[in-house]
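Okay, structure first, notes after.
Residue numbers (this note's numbering): 3 to 646.
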């Protein structure tokens, strides 16, 4: 009989996860999960898994939806604890054969095939997937190879492609479970290839390998400068990897040749109109115009680096052009930098900017191999925004965000590192720090992105009081997202008439389990309110007011008559749980046209620069404009590099 307390440990997303089990007469009588630091909001996940441990009396736990990394870590830690207690054995024997399984990725299910022979994993193949091109590619190449090479399922996710990585690992784990003890195979050691920690001297050191950092590096090596890029993730590109790759530019010779260039005055007029209802701080239109004026040349130079021509165009009120998806362009720049003598150190972060007499002399950095120094003539901070760590800062600019569930689409590495680094040397942080609006988002089960978003111009958007509060078909669809930020409710729903919804989206809806955090279907408005636990009187009044507006062709929120379409209710209604999406943040530090960082006293550092998302307070209000980020960030990088 086994009695006592036993603790197991496993690596989580950011910190080790511990599971303590109490054993009495070979039975688990209590389980406590310690998710470590940074686990805010995961209390229910821990509770779910603790209950499973007690119910199943084993480490064979079901993953909690939306927390696959944490679930797998808890499984491994539980196995480790029970192994110490002698209740679960590390059996590595495997039945010979080929086994298949799938797990949820970023764009849909990822199917994996695992072959075993003589108690070894001999092959792992991704057989089917719908992940975004150039986003999960590295994970699909590296992880199957490492599972076979190191004979373990305990492989680290590729940071920058976490969801794809976890899908492959989870699917492989399910497949191995058909052949033997997957938990034991998840405990076997894994050795990660790491970047050496050695001191370097260079002309330019750049913190961050997203678009702005890569652009700065590419144009710097083109000029003949020595460059070192430090990227915290295993994979370069940052949030740019998820971008469509569309640039809003002016003055491109390549685009002028094919009559696809933008008129400067028309662009500026559109920008002013799009931001006219913003209550926050105003944009610096002089700086906006300055970057636009130089953006065409940047686009042309990028085409030369890529050795290609414009490939696609987005017809918005202005023209966006591109020559590849964000991840593809990131790979092109990565190859160009390294083939021209630039150094990119992955899995490495800056911990301090070294200063002497108000002049930067380089940076302190660290990775898994230790700490080191990079001496540099110029320091460029391009670490991206603050989507995952600066909630209080964002709420100061927009207090309504306190209750809003924002769906972050930014790279997980966007934790405001540059804000902290620059504040420590006396930089001024902009007063306008807000989320960068993306399209509306839904449960991850929908697998939606900018290419398959449903049309919500004919729908009703309601808040947690069952009341309508905005125009669902505004000047730009991103204005709708901004309206949700500002309104401040804990939940939102899109209400559709079943007969008026896009047929392809309807097919998707009919496959998703109903619930208040996914979607519900009801025959009446009263039933809809009941299923969503909303005030029935309010919802009926909201619905009736909207029907009257449709009949009159006039809406108090300004919705156009062409989008005021009455609901028939013949086949009922859908209510879809909706979150305002975010592609990043706006704000950070202030910079001038030389990209020099502003100090608290109003002056500017001589050789400390910021580019990209972490210095956007001058470029946007609280409303993001499609295509301008890519144009602005790459142009900042080019202008800075050419001035060094």
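By construction, the Cβ of each residue, glycine as well, lies at the ideal position given by its N, Cα and C atoms.
{"Check": "Cβ of residue 287 within 8 Å of any chain B Cβ", "Outcome": "Here chain B cannot be found, since the structure has a single protein chain."}
{"Check": "Closest by C-alpha distance to residue 189, when choosing among 160, 581, 139, 149", "Outcome": "149"}
{"Check": "Same chain only: Cβ atoms within 8 Å of residue 124, ignoring 5 sequence neighbours per side", "Outcome": "117, 118, 150"}
{"Check": "Ordered list of beta strand (DSSP E) runs contained in the segment 462 to 527, each at least 3 residues", "Outcome": "462 to 464, 494 to 499, 521 to 524"}
{"Check": "Beta-carbon proximity list for residue 214, same chain, < 8 Å, skipping 5 on both sides", "Outcome": "384, 613, 614, 615, 635, 636, 638, 639"}
{"Check": "Residue 26 in three-state terms, based on DSSP", "Outcome": "strand"}
{"Check": "Residue 28 classed as buried or exposed, judged by whether at least 16 other C-beta atoms fall within 10 angstroms", "Outcome": "exposed"}
{"Check": "Euclidean distance between Cα positions of residue 64 and residue 73", "Outcome": "8 Å"}
{"Check": "Distance CB(residue 625)-CB(residue 277) smaller than 8 Å", "Outcome": "yes"}
{"Check": "Counted within 10 angstroms of its Cβ, other Cβ atoms place residue 567 as buried (16 or more) or exposed", "Outcome": "exposed"}
{"Check": "Cβ pair count under 8 Å reaching 3, the segment 311 to 322 against the segment 198 to 215", "Outcome": "no"}
{"Check": "Residue 583: first and last residue of the uninterrupted beta strand (DSSP E) it sits in", "Outcome": "575 to 588"}
{"Check": "Cβ pair residue 578, residue 627 closer than 8 Å", "Outcome": "no"}
{"Check": "Sequence-distant residues of the same chain with beta carbon closer than 6 Å to residue 97, five excluded per side", "Outcome": "181"}
{"Check": "Alpha carbon of residue 488 to alpha carbon of residue 524, nearest angstrom", "Outcome": "29 Å"}
{"Check": "Closest by C-alpha distance to residue 193, when choosing among 152, 430, 204", "Outcome": "152"}
{"Check": "Closest by C-alpha distance to residue 368, when choosing among 356, 358, 349", "Outcome": "349"}
{"Check": "Rounded C-alpha distance that separates residue 620 from residue 382", "Outcome": "18 Å"}
{"Check": "Validate contact between the segment 580 to 591 and the segment 551 to 565 using beta carbons, cut 8 Å, 3 pairs", "Outcome": "no"}
{"Check": "Three CB pairs or more closer than 8 Å across the segment 422 to 431 and the segment 592 to 604", "Outcome": "yes"}
{"Check": "Local Cβ density within 10 Å of residue 295, reported as buried at 16 or more and exposed below that", "Outcome": "exposed"}
{"Check": "Spatial neighbours of residue 599 in its chain, beta-carbon cut-off 7 Å, leaving aside the 5 residues before and after", "Outcome": "424, 429, 591, 593, 606, 607, 610, 611, 612"}
{"Check": "Residue 451 versus residue 443 - alpha carbon distance", "Outcome": "8 Å"}
{"Check": "When 154, 341, 163, 187 are compared against residue 229, the one with the closest alpha-carbon", "Outcome": "341"}
{"Check": "Backbone CA spacing between residue 12 and residue 157 [nearest angstrom]", "Outcome": "12 Å"}
{"Check": "Per DSSP, the bridge partner or partners of residue 236", "Outcome": "Answer is none; residue 236 lacks a bridge partner."}
{"Check": "Residue 248 vs residue 316 beta-carbon contact at 8 Å", "Outcome": "yes"}
{"Check": "Three or more C-beta pairs below 8 Å linking the segment 254 to 270 and the segment 304 to 316", "Outcome": "yes"}
{"Check": "Selection from 163, 372, 622 that minimises the alpha carbon distance to residue 144", "Outcome": "163"}
{"Check": "Extent of the continuous alpha helix (DSSP H) to which residue 108 belongs", "Outcome": "Looking at the DSSP string, residue 108 is not in any alpha helix (DSSP H), and its letter there is neither H nor E."}
{"Check": "Pick from 218, 101, 217, 109 that is closest to residue 165, judged by C-alpha positions", "Outcome": "109"}
{"Check": "Residue from 401, 338, 455 with nearest C-alpha to residue 304", "Outcome": "338"}
{"Check": "Beta-carbon contacts of residue 570 that lie in its chain and below 7 Å, excluding the five residues immediately before and after", "Outcome": "499, 501"}
{"Check": "For residue 329, the three-state DSSP class (helix, strand or coil)", "Outcome": "helix"}
{"Check": "Heavy atom of the ligand HEM within 7 Å of residue 171 beta-carbon", "Outcome": "Judged by which ligands are present, the structure shown has none, so any question about the ligand HEM falls away."}
{"Check": "Simplified DSSP assignment, three categories, for residue 6", "Outcome": "strand"}
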